[in-house]
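First residue of the sequence shown: 1, per the UniProt record's numbering; consecutive thereafter.
By construction, the Cβ of each residue, glycine as well, lies at the ideal position given by its N, Cα and C atoms.
Treat the numbers as computed from the prediction; the structure is a model and nothing was measured.
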Amino acid sequence: MDDLKYGTRNKRDDWAPSEPACTAPLFTFPPRPLALLKWLPHYFLPYNLLFALSAVAWWHFVLPDVEVMKTLAFGWILRLFLANCAALLVFFGAFELRLYVLKAQGNRFKYNGKWPSEQKSKAFFFQNQNIDNMLRTFGTGMPIWTAIEVAILYAYANGYVPWLTFAEHPIYLFFLVLIAPIIHETHFFLLHRAIHWPPLYKWVHSVHHNSVNPSPWSSLSMHPVEQFGYLGVALWHLVIPSNPLLALYQLHLAGFGAIPGHVGFDKVELGEETAIDSHAYIHYLHHKYFEVNYGDGLIPFDRWLGTFHDGSKEGEARMQARYEKKKARANADAAR
């Protein structure tokens, strides 16, 4: 595909889409029903449907019987951990292999013209971004992922929280399925905004931001505190009446769903004239500029709070104006 039909490339070989990034037409006023209907398939395809199916697959083929999950036994927990690791290795690894190892589409649609493997930095273990990202993902991320999963399943199996069945509560649980991405977006935005508070940023979130030029393995490369906070979105299903399968879906939305924002390419080519959108641009701009786009655009939190950057020159001007105001306030406080 010719990526210059869809965007431009600068002197540094960075690519940017021609159209500015936009938020979903889900919470707009006045309502835009035609835009909403046109966008609606993207709410489900391809990612959310994939993660819902993966949760169903885990429930039927990976998890043991409920009676087994009433006890914290090493065997089933280890099996679950290994299944999680293997699935993540295959899913994230497929993007990494195709886009960054084989470079099957070259740098077409790649936001940052540089390749992480060519950039050494002391911020990373062994000065290598991929090694660092993978060590953090599998060293702390996957144990935390599995621990949260086990805690949820153990609580449901022992009746510590209400277990609603689809047979008795089909409409309510279907509604929960529909709003699971909204729960994720809200949780992510609030957490993300909090860990940009300077002390938390310095000691926690800066680990993730070491990957200025993110790639697939950057997706869950975080400080353990952030990993627990991020993946802990599934714990909401211990607070609201729900079903363990939905909690599993919520966890997969966060875990497997971290990759779209970090893939580093605007489109992933499937053929000479076919590609799927990564929906990565909004979060890529956050990695590039740090203090914009704390959410992913499903809910326009950043628009409401004045921190949205759409990649345009106007967005750049708004960001710079906000920086100048922040700098002026800091200078005024220092002069007192």
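Annotated three-state conformation of R336 is coil, per DSSP. Between the stretch 22-32 and the stretch 295-306, the count of C-beta pairs closer than 8 Å reaches three or more; the two stretches touch. Here E118 carries a helix assignment [DSSP, helix/strand/coil]. Contact between the stretch 214-227 and the stretch 4-15 is absent: fewer than 3 CB-CB pairs across the two stretches fall below 8 Å.
By the neighbour-count criterion, in which a residue is buried when 16 or more other Cβ atoms sit within 10 angstroms of its Cβ, Y47 is buried. Each residue's CA atom was taken as its position, placing T140 and A335 some 44 Å apart. Straight-line spacing of the CA atoms in P224 and L34 works out to 42 Å. Annotated as proximal: M142 and N84, with beta-carbon spacing under 7 Å. In this structure, the beta-carbon distance from H184 to L253 falls below 7 Å.
Here K267 is near F109, since their CB atoms are less than 7 Å apart. Between G229 and L191, the C-beta gap is smaller than 7 Å, which places the two residues in contact. In this structure, DSSP gives R32 a state outside helix and strand, which the three-state scheme calls coil. Closest in C-alpha terms to A123, from the list V263, D310, M222, comes M222. Collapsing the DSSP output to three states places A21 in coil. When DSSP states are grouped into helix, strand and coil, T186 belongs to the helix group. Apart from sequence neighbours up to five positions away, the residues of its chain that approach I144 with a beta-carbon distance below 7 Å are P224, Q227, F228, L231, ordered along the chain. Where A275 is concerned, the enclosing beta strand (DSSP E) starts and stops at 275-277.
H237 and I152 do touch by the CB rule: their CB atoms are close to 7 Å apart, below 8 Å. When the five nearest sequence neighbours on each side are left out, the beta carbons in the same chain lying within less than 6 Å of the beta carbon of P20 are those of D310, G311, S312, in order along the chain. The residue from A234, L200, G159 with its alpha-carbon nearest to that of H187 is A234. Where K288 is concerned, the enclosing alpha helix (DSSP H) starts and stops at 281-289. By the C-beta density criterion, Q250 is buried, having at least 16 other C-beta atoms within 10 angstroms. Contact between L80 and V62 holds, with the beta-carbon distance rounding to 6 Å and staying under 8 Å. DSSP places E67 in the uninterrupted alpha helix (DSSP H) bounded by 66-69. The beta carbon of Y6 lies closer than 7 Å to those of P17, S18 in the same chain, with the five residues before and after it left out. Looking at the backbone, the Cα of L200 and that of Y294 are separated by about 15 Å.
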